[in-house]
Amino acid sequence: WTNLVLTFGWIFFVLAGTLAMAAAKNFRRYGRDYPVEIIFAALYLISIYTYNYPYWARGNFARFAIPVIPFALIALQRWIPRDRRLLWGIGLVSPVLAAASAIGIKNAIDILHSALG
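According to the working numbering, numbering within the sequence shown proceeds without interruption in unit steps and concludes at 312.
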């Protein structure tokens with residue numbers, strides 16, 4: 196189930212970025228300054244959400260979304276926390292959760308128990 200949470204987290208993150216791209220004034224200003232990049236992002240997002248690949252789409256969505264992550268971050272910039280302590284905490288917890296998702300949460304707990312004593 197952790198893999199599903201991680202995958203759907205990426206899907207909703209990119210979807211939130213897409214909605215913010217359409218609504219945020221600062222992103223529209225960015226779009227006027229860099230129209231080629233916005234055309235790429237729009238076409239890429241259309242293809243990533245409409246291309247017919249149901250068998251393996253969910254499992255590989257994060258990999259397919261890599262090219263549009265910078266655009267999603269620019270669009271969501273207003274809602275991203277700026278407190279460095281929080282960002283460092285997220286930066287430390289995120290890889291641990293990703294590793295736990297990759298090896299399975301039960302295996303991760305067993306590994307931590309054996310390592311700690």
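We put the beta carbon where it would ideally sit given N, CA and C, even for glycine. This one's a predicted model, so the numbers in the text were calculated from it and none came from an experiment.
| Asked | Found |
| --- | --- |
| In three-state terms, what does DSSP make of I234? | helix |
| Helix, strand or coil, according to DSSP, for D278 in the structure here? | coil |
| Whole angstroms is fine: what's the gap from P290's alpha carbon to F235's? | 29 Å |
| If you draw a straight line from the C-alpha of A294 to the C-alpha of W283, how long is it? | 17 Å |
| Considering only residues of the region 206-272, which uninterrupted beta strand (DSSP E) runs meet the minimum length of 3 residues and lie entirely inside it, listed in chain order? | none |
| Using C-beta distances below 6 Å, list every residue in its chain close to A215, excluding the 5 sequence neighbours before and after it, in chain order. | A270, L271 |
| Using C-beta distances below 7 Å, list every residue in its chain close to W274, excluding the 5 sequence neighbours before and after it, in chain order. | none |
| Here's a check: name, in chain order, each residue in its chain whose Cβ is nearer than 7 Å to the Cβ of A260, leaving out the five neighbours to either side. | W205, V209, I243 |
| What three-state label does DSSP hand G299 in the structure shown? | coil |
| Exposed or buried, which one is V263 when buried takes at least 16 other CB atoms within 10 Å? | buried |
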